[in-house]
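Written out below as structure tokens is the structure these notes cover.
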Amino acid sequence: MRTSFEKFAGWGAILAGLSGFLYSISFIVLQSDLLSALFLMLGGLFSTSALTALYQRLRGTESGFALLGLLLSLSAVLGSAIHGGYDLANAIHPLDSSTVGPNAVDPRGLLTFGVSGLGLFLLSWLLTQDTRFPKGLAYLGYFSAILMIILYLGRLIIVQATTPVIVIPALLEGFIVNPIWYMWLGLTFIRSQSPSK
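Numbered per the numbering used here, the sequence shown spans residues 5 to 201.
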């Protein structure tokens with residue numbers, strides 16, 4: 005019998021994937037500060053239930069690693085929600101300063117990309133050990149994690165967002181890999197049976 009929380013988390017994951025896709029469109033195509041900030045914030049918030057449900061499923065595999073993966077991932081999505089909230093507040097009421105430095109909570113995407121990539125890499129490793137999840141979901145998670153870490157390092161070291169080292173991973177992660185991973189995870193929760201207690 006599927007738990008109501010897993011169903012809720014499944015829909016949260018689908019909304020997180022959709023928010024990630026809409027964030028990419030808003031940031032890259034529309035170049036809208038307001039919309040990109042809104043979808044970054046919403047994606048972080050929607051992700052929390054999905055990651056919590058994933059932890060509940062994976063804690064029987066390697067409880068310590070599952071908890072570490074949850075803590076890293078939750079820190080990352082809450083950091084991206086805070087980052088999005090900060091940017092949203094500035095889009096609604098712009099600052100007077102013409103030079104704004106990196107976000108103090110999420111400098112150059114440390115949480116949004118760097119810590120998120122580490123957490124997802126760990127959770128993907130655990131997914132490969134749990135037969136209730138498709139192996140493809142785990143491998144897509146690995147790919148997503150690597151892209152996020154590349155994005156963080158690129159933004160930290162290169163800074164210029166238009167270089168191919170940043171653009172190519174950003175396009176792959178934002179438009180394809182991350183939305184598909186979250187939606188696939190959501191569908192897995194919605195369609196599956198909860199573990200017996």
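Each residue gets a CB set at the ideal place from its N, CA and C atoms; glycine is no exception.
For residue i, the three-state DSSP class (helix, strand or coil)
| i | result |
| --- | --- |
| S8 | helix |
| P199 | In this prediction, P199 scores a pLDDT of 49, lower than 50, which makes its location untrustworthy; no coordinate-derived value is stated. |
| L191 | helix |
Assumed close pair residue i, residue j - CB separation to whole angstroms, cut-off 8 Å
| i | j | result |
| --- | --- | --- |
| L39 | S30 | 4 Å |
| G48 | F193 | No, G48 and F193 are not in contact; Cβ-Cβ is about 19 Å, not under 8 Å. |
| L55 | L26 | Actually they do not touch by this definition, with Cβ atoms about 19 Å apart. |
| L76 | V119 | 6 Å |
| G190 | A17 | 3 Å |
| R112 | Y156 | 7 Å |
| G145 | L131 | 6 Å |
| L22 | G88 | Going by Cβ atoms, the distance from L22 to G88 rounds to 15 Å, so no, they are not a contact pair. |
| A95 | A41 | 5 Å |
| D134 | L62 | 6 Å |
Runs of alpha helix (DSSP H) wholly within the segment 22 to 103 (minimum 4 residues, chain order): Counting whole runs of 4 or more residues, the segment 22 to 103 contains the alpha helix (DSSP H) stretches 37 to 62 and 67 to 96.
- request: Could you name each continuous alpha helix (DSSP H) segment of 4 residues or more that falls completely within the segment 102 to 188, going from the start of the chain to the end?
  value: The segment 102 to 188 contains these whole alpha helix (DSSP H) runs: 120 to 132, 139 to 161 and 168 to 175.
message: When you compare the segment 65 to 84 with the segment 120 to 130, are there three or more beta-carbon pairs, one atom per stretch, that lie closer than 8 Å?
response: Counting Cβ pairs under 8 Å, three or more are found: they touch.
task: Could you tell me whether the segment 141 to 154 touches the segment 172 to 186, where touching means 3 or more Cβ pairs closer than 8 Å?
output: Contact between the segment 141 to 154 and the segment 172 to 186 is present: three or more C-beta pairs spanning the two stretches fall below 8 Å.
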